[in-house]
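Asker: In my numbering, the protein residues as written are 182 to 802.
For each residue, glycine too, the CB sits at the ideal point set by N, CA and C.
Quick one: this structure, given as structure tokens, is what I'll be asking you about.
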Amino acid sequence: MKQENRNEAQRSIFLMALAVLLVLGYVARLFYLQILSPEYKSKAENNAFYHHVIYPERGAIFDRTGKLLVYNEPAYDVMVITKEVGENLDSLALCQLLSINIETLRQRFEAVRNRDLNPGYSPYTPQRLLAQVSAGDAGRFQEVLYKFPGFSVQHRSIRRYGTEVAAHVLGYMSECSPGDLEQDSLLAPGDYVGKSGVERTYDAALRGTKGYEVMLRDARGRIQGRYNNGANDRKEVAGRNLTLSIDEGLQALGERMMQGKRGGIVMIEPATGEVLCLVTSPAYSPSLLSGRDIGKNHLLLAYNPGKPLFNRALQGTYPPGSTFKPTQAAILLNEGVITPQTLYTCYRGYPYMRGRPACHGHGSPLAVEFALTTSCNAFFAWGLHYMLDDRRRYPTVQEAFTHWKDYMVRMGYGYPLGIDLPGEKRGFIPNSEYYDKWYKAGWNSSTIISNSIGQGEVLATPLQMANLAAIVANRGYYYRPHVVHEIEGMSLDTAYSHKQYTGIAAQHWEIVANGMAGAVRAGTCHAANFAPGEIEVCGKTGTAENPHGPDHSAFIGFAPRNNPQVAIAVYVENGGFGATYGVPIGRVMLEYYLREGHLSPTAEGIASRMSHSYLSYRNAP
């Protein structure tokens, strides 16, 4: 009996302890939810308060001369208090006034009422139904607002453009996606963010800081007035203005001459890394991706066979062809494979491989400067042979090729340069492991000899080619390319002000510059010599083989030879010889910039001819 009483007492104690633990657990959970949990606090605040958002003016965008490129224009949001919308809503009339269809209206009402998409939703407070309604639609709607109880109009702004060029540089804006909301806690459903160009890269600076008025709600969510007499309100802060390094006139000239062609033009100021123009063709007007029709227009651009949304200047990867030869000359000189006096033979091709790669007629034997002036293929094939296959220099071809690749990477090839625009591609520079995989029986310079003249597996973007011209101009270093010159009230990223050295001595680059100067005086680039005796231009043509059709036309250069002010790359898909399109377009662009926006009658004639010259791409991939 005593044992039974003892067991009963133990059970009672256990149950009491369990009950106490359960109560303590509930208390702890309530304490966490009500005191510690930010989610509960947020929900409670959303129920008690309504934050009337005040959107700041987004920063304007200017070109390097001060011309206004992007500004704000009044637009309007249509707001709705869903509780006040009557059952007799004339949906058809509403759609006609707001230039939308019934299905869009239905979807917008569903999104407004979805608390996952619209946290803090209350049927008693204004909710954004439509964003960026035009001034015309908003005006017509306001005239008949009395017919639509629960609806109101709120002022916003929309991006407008003072230019028809540089769409890929400027970028566009659209309503933020769920991914944007996850990445940025300062965004809310219905906010607009930059999606491309500088609008995306510098979105946080351009956006500014939203303000708000804190309104007090009653138990049913109805607004009762300002909370704490406005003491908790926050003033909006306008976005920061951007000044680009882009010259709008130069950009327009480039886009004009690239009409009817595919490719890109990039011009860089060697002393700073600032991008003076960044042309991609086909292009489109930036105004197409602004306002209510952005979705429709984006779809049309996406399905255009010319792919105008594709930024060829940053994302197009091409064989650089002979524009690559300055890199080879500099490497061979720095490695001691050749001296300025080293002579190699050329018999209309590379003799070691029975004339492959082929070459055109010129003097032989020849040294490196004349090889650059005449764009001799055989010279650079010989150079790669002696660098990779001479076992006195490197114990294996793999080690030799690794040295070669390391030089290429330091010259900005094979990886993104880090320009302040989204979507830049890396191009391609193979490594020894790549060839070990493909040539299991072994390989040497003869296997990959095309790399010596910018063919084979080598791929580069027009930006990387322009950067090479800037390296030669600076005699061995470059600054990371960037399109923003100044952010109002802020400093630029210091990454854009640090010199990037190639590891090749300046005297070797001087020899390269001499060869490129010779190419303009009396070589393959002679048509770029627009100011003989006044401005010495240095250049290099490229005719890149294309397995899908006619060869690509390329040109890189800089000017003046001493104290260079500008470097350039031009790449025209299926344009044929470098002298056919690359050189004349490059010559006009250089003349325009160096003569401060003025063109000679000859240059105007070339520009007109280029702008009316169209290439066929019907069979292009």
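Is V753 helix, strand or coil when you go by DSSP?
Answerer: V753 falls in the strand class under three-state DSSP.
Asker: Let me confirm a value: I652 is counted as buried when at least 16 other C-beta atoms fall within 10 Å, else exposed. Which label applies?
Answerer: It is buried - the Cβ of I652 has at least 16 other Cβ atoms within 10 Å.
Asker: Express the C-alpha separation of V447 and V350 in angstroms, rounding to a whole number.
Answerer: Those two C-alpha atoms are separated by around 12 Å.
Asker: Tell me which residues share the same chain as S223 and place their Cβ nearer than 7 Å to its Cβ, disregarding the 5 neighbours each side in the sequence.
Answerer: Note on S223: pLDDT 49, under 50, position unreliable in the model; no value is reported.
Asker: Go through the segment 438 to 484 residue by residue and report every complete run of the beta strand (DSSP E) that reaches 3 residues or more, in order.
Answerer: As far as the segment 438 to 484 is concerned, its whole beta strand (DSSP E) runs of at least 3 residues are 444 to 450, 455 to 462.
Asker: Go through its chain and collect everything with a Cβ distance to F505's Cβ below 6 Å, but skip five positions before and after it.
Answerer: Counting only Cβ-Cβ distances below 6 Å, and skipping sequence neighbours, we find G635.
Asker: Helix, strand or coil for G502? Go by DSSP, reduced to three states.
Answerer: Three-state result, G502: helix.
Asker: Let me know if G517 comes out buried or exposed under the rule of 16 or more other beta-carbons within 10 Å of its beta-carbon.
Answerer: Classification of G517: exposed, given that the 10 Å Cβ count is below 16.
Asker: Measure the CB-CB distance between A654 and A748 and report whether it falls below 7 Å.
Answerer: Yes, Cβ-Cβ distance for A654 and A748 is below 7 Å.
Asker: Just how far apart, CA to CA, sit Y533 and C357?
Answerer: The straight-line gap from Cα to Cα measures roughly 60 Å.
Asker: Taking the continuous beta strand (DSSP E) assigned at M354, which residues delimit it?
Answerer: Looking at the DSSP string, the run of the beta strand (DSSP E) that includes M354 is 354 to 356.
Asker: Applying the 10 Å Cβ sphere with the 16-neighbour rule, what's the burial state of E220?
Answerer: Confidence at E220 is low in this model, with a pLDDT of 47, below 50, so the placement of that residue should be treated as unreliable; the coordinate-derived value is given next. It is exposed - the Cβ of E220 has fewer than 16 other Cβ atoms within 10 Å.
Asker: Among the residues of its own chain, which have a CB less than 6 Å from the CB of A552, if the five just before and after it don't count?
Answerer: Same-chain partners within the cutoff: F560.
Asker: Cβ of P745 within 7 Å of Cβ of F739?
Answerer: Cβ atoms of P745 and F739: closer than 7 Å.
Asker: Restricting to Cα atoms, I'd like to know which of V460, G759, I630, Q681 is closest to M770.
Answerer: If we check each option's Cα against that of M770, V460 comes out closest.
Asker: Cutting at 6 Å between CB atoms, please list the residues of its own chain near A225, excluding the five before and the five after it.
Answerer: Because the pLDDT at A225 is just 47, under 50, the model does not fix this residue reliably, and the value given afterwards should be weighed accordingly. Excluding positions up to five away in sequence, the list is empty.
Asker: Where E614 and R388 are concerned, what is the direct C-alpha to C-alpha distance, given to the nearest angstrom?
Answerer: Those two C-alpha atoms are separated by around 46 Å.
Asker: Which word fits H232, buried or exposed, when buried means at least 16 other C-beta atoms lie within 10 angstroms of its C-beta?
Answerer: Label assigned to H232: buried.
Asker: Report the start-end ranges of each beta strand (DSSP E) in the segment 217 to 300 that is 3 residues or longer and not cut off at the edges.
Answerer: DSSP runs (the beta strand (DSSP E)) wholly in the segment 217 to 300: 230 to 235, 249 to 261.
Asker: Answer with buried or exposed for K442, where buried requires no fewer than 16 other C-beta atoms within 10 angstroms of its C-beta.
Answerer: By the 10 Å Cβ count, K442 comes out buried.
Asker: What distance in whole Å lies between the Cβ atoms of M592 and T722, which are believed to be in contact at a cut-off of 8 Å?
Answerer: T722 to M592, Cβ: 19 Å. No contact.
Asker: Go ahead and label R799 buried or exposed: buried means 16 or more other beta carbons lie within 10 angstroms of its beta carbon, across all protein chains shown.
Answerer: With fewer than 16 Cβ atoms within 10 Å of its Cβ, R799 is classed as exposed.
Asker: Tell me which same chain residues have a C-beta within less than 8 Å of the C-beta of F758, skipping the five on either side of it?
Answerer: Only T722, T724, D732, S734 meet the Cβ criterion.
Asker: Alpha carbon to alpha carbon, what distance is there between A386 and R421?
Answerer: C-alpha separation (whole angstroms): 6 Å.
Asker: Check whether the segment 693 to 710 touches the segment 494 to 502, taking contact to mean three or more Cβ pairs, one atom from each stretch, closer than 8 Å.
Answerer: No, the segment 693 to 710 does not touch the segment 494 to 502.
Asker: For a test of the three-state rule: what should DSSP assign to R535, helix, strand or coil?
Answerer: Residue state, collapsed to three classes: coil.
Asker: Taking its Cβ as the centre, do 16 or more other Cβ atoms sit within 10 Å of G793, making it buried, or is it exposed?
Answerer: The sequence shown places His at residue 793, not Gly. H793 should be labelled exposed.
Asker: Would you please verify whether the beta carbon of Y353 is less than 7 Å from any beta carbon of chain D?
Answerer: Absent from the structure: chain D. Only one protein chain is present.
Asker: To which residues does DSSP link Y525 through a beta bridge?
Answerer: Paired residue(s): L547.
Asker: I'd like the ranges of any alpha helix (DSSP H) spanning at least 4 consecutive residues and lying wholly in the segment 363 to 392.
Answerer: Listed in chain order, they are 378 to 382, 384 to 388.
Asker: Relative to the C-alpha of W585, which residue among A412, G476, L569, D474 is closest?
Answerer: Nearest C-alpha to W585: L569.
Asker: Cα separation between S303 and V261?
Answerer: When rounded, the distance between both Cα atoms is 11 Å.
Asker: Along the chain, which unbroken stretches of the alpha helix (DSSP H) at least 4 residues long are found entirely within the segment 693 to 748?
Answerer: Runs of the alpha helix (DSSP H) inside the segment 693 to 748: none found.
Asker: Would you mind listing the alpha helix (DSSP H) stretches within the segment 651 to 696 that are 4+ residues and don't spill past its ends, in chain order?
Answerer: Runs found: none.
Asker: Roughly how many angstroms lie between the CA atoms of P611 and G542, to the nearest whole one?
Answerer: If you take the alpha carbons of P611 and G542, they lie about 31 Å apart.
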